[in-house]
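Sequential numbering of the sequence shown, starting at 54, is according to the numbering used here. Okay, so here's the structure we're looking at.
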Amino acid sequence: MNIRNENIDKVFEAILSLENTDECYRFFEDICTIKEIQDIAQRYEVARLLTDKKNYNEITKATGASSTTITRVNKCLMYGNEGYKMVIERTKKD
Numbered sequence: 054m055n056i057r058n059e060n061i062d063k064v065f066e067a068i069l070s071l072e073n074t075d076e077c078y079r080f081f082e083d084i085c086t087i088k089e090i091q092d093i094a095q096r097y098e099v100a101r102l103l104t105d106k107k108n109y110n111e112i113t114k115a116t117g118a119s120s121t122t123i124t125r126v127n128k129c130l131m132y133g134n135e136g137y138k139m140v141i142e143r144t145k146k147d
């Protein structure tokens, strides 16, 4: 499915204009609900843990994510556009 369109481009350009974590908080707290931000953060943490070869039980315990969420994120890691992989690799701490 192709989600690309002019309005989405504008949102992504707005995100790319953010300069630091504080600006990200300010923008995302305005554009998303707190639950949406928490859900995004949870999915990202699930992706990180899956990348670190943690099992579903360990991930559920660490994040509170359901097996459905973990499975969805795992499918994205395996068959998606490699967005998670790209960002996880770029933000890895040595």
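No residue lacks a Cβ here, since even glycine has one placed at the ideal position from N, Cα and C.
Contact under 8 Å by Cβ, residue i with residue j
i	j	result
Leu130	Ala100	yes
Ile90	Phe81	yes
Tyr109	Ser120	yes
Pairwise C-alpha distance: residue j and residue i
i	j	result
Asp75	Ala94	16 Å
Glu135	Ile112	20 Å
Ile141	Thr124	18 Å
Lys107	Arg143	20 Å
Lys145	Asp105	11 Å
Glu59	Asn73	25 Å
Asp92	Thr116	10 Å
Val64	Arg57	11 Å
Same chain, Cβ closer than 6 Å to residue i, five either side skipped, listed in chain order
i	result
Asn127	Leu103
Cys77	Leu71
Close beta carbons around residue i, own chain, < 7 Å, minus the five adjacent residues each side
i	result
Ala118	Gln95, Val99 and Ile112
Tyr137	Ala100, Cys129 and Leu130
Option in the options with minimal Cα separation from residue i
i	options	result
Ile68	Asn55, Ile84 and Asn58	Ile84
Tyr97	Val64, Asn55, Thr122 and Glu66	Thr122
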